[in-house]
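Below you'll find the structure, written out as structure tokens, and then a few comments.
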Amino acid sequence: MIDLSRPALDVAPHLLGAIIRHGPVSVRITEVEAYMGLVDPASHAFNGPGGRAAVMFGPPGRLYVYLSYGIHHCINVICSPDGVASGVLLRAGEVVGGNQIVRDRRGPKAPDRKLASGPGNLGQALGVELADSGMALALDGFAPPTDGTSSDWSLEAPSAPVAARITTRIGISKNAETPWRFIIPGEPTVSGRRH
DNA sequence: CTTACGATTGCCT
DNA sequence: GGCAATCGTAAGG
Numbered sequence: 001m002i003d004l005s006r007p008a009l010d011v012a013p014h015l016l017g018a019i020i021r022h023g024p025v026s027v028r029i030t031e032v033e034a035y036m037g038l039v040d041p042a043s044h045a046f047n048g049p050g051g052r053a054a055v056m057f058g059p060p061g062r063l064y065v066y067l068s069y070g071i072h073h074c075i076n077v078i079c080s081p082d083g084v085a086s087g088v089l090l091r092a093g094e095v096v097g098g099n100q101i102v103r104d105r106r107g108p109k110a111p112d113r114k115l116a117s118g119p120g121n122l123g124q125a126l127g128v129e130l131a132d133s134g135m136a137l138a139l140d141g142f143a144p145p146t147d148g149t150s151s152d153w154s155l156e157a158p159s160a161p162v163a164a165r166i167t168t169r170i171g172i173s174k175n176a177e178t179p180w181r182f183i184i185p186g187e188p189t190v191s192g193r194r195h
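Just so we're aligned: 155 in the UniProt record's numbering is position 155 of the first sequence, and the numbers increase by one with no gaps anywhere.
What follows is the structure in structure tokens.
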């Protein structure tokens, strides 16, 4: 069981190899980035708990979903204790369940390895919407909460430790030199640069 | 109220 | 490698 009440920077490498599921679709995570809230100018939570990132200041184990460039819905797993903001952006993965549904969502032109490669593509593969922001993940088969934050999302820790390579984050202008991106070496589903 | 901007992607040259 | 698409937010008047 992954302890999501720790800071995102500590949690991020442990999410590599984990399985996130939404309904019939399951994805094995191969690329993530940590966003560290109030101490990270690149984080949507940098300016405090107002606005779209307010949910990041809530309890860990929920989703923070945002719209990128008016088109793409990107998924974060919220970390740190209630009242502290940090989160892990899920950037890429390998589709391991619901392959036909993902193919229908992503269209016929996408190569298999790109079905969930890149944060927008991963979100589309999992069928995430803005309304999923704040929803709770059921962890490792444990029952989801009964407080209204439950939907059909779950997260399973990897069965064995997974190798991680650390790099700088992708697509940001602030705090861009900080090495808070984690990838599984050699994974063909990783988006962007591999070092 | 008005305007500018992305934690991106895919198509074009 | 360059760049347009597209819309919820955030910033500005």
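We put the CB at the ideal spot given by N, CA and C, even for glycine.
None of these values were measured; they are calculated from a predicted model.
Taking 8 Å as the upper bound for CB-CB distance, I184 and A163 are in contact here, some 6 Å apart.
Here the stretch 29–47 makes contact with the stretch 167–183; the two share three or more CB pairs at distances below 8 Å. Taking the Cα of F142 as reference, the smallest distance to any Cα among V65, G148, L155, G134 is reached at L155.
By the neighbour-count criterion, in which 16 or more other beta carbons inside 10 Å mark a residue as buried, L130 falls on the exposed side.
Burial is judged here by how many other beta carbons sit within 10 angstroms of a residue's own beta carbon; A18 has at least 16 and is buried. At the C-beta level, L139 and H22 stay beyond 8 Å of one another. Segment contact: the stretch 24–32 against the stretch 90–109, three or more CB-CB distances shorter than 8 Å; contact assigned. Distance between A85 and G37, taken at the CA atoms: about 5 Å. Among the bridge pairs identified by DSSP, R28 is matched with I19, E94. Exclusion of the five residues before and after R105 leaves Q124 as the residues of its chain whose Cβ lies within less than 6 Å of its Cβ. Annotation: the continuous alpha helix (DSSP H) that includes L126 extends over 119–126. Just so you know, the alpha carbons of G192 and P111 end up roughly 15 Å apart. Note on geometry: alpha-carbon atoms of L15 and G58 lie some 20 Å from one another.
Scanning the stretch 27–77 from its first residue to its last, the whole beta strand (DSSP E) runs of 3-plus residues come out as 63–68. Residue nearest to A12 within the set C79, P49, H73, I20 is C79 (criterion: CA-CA distance). Within the same chain, and ignoring the five residues on either side of N47 in sequence, no residue has its Cβ closer than 7 Å to its Cβ.
G87 is a Cβ neighbour of Y64, given a cutoff of 8 Å. Contact check for I71 against G118 fails: the beta carbons are separated by 8 Å or more.
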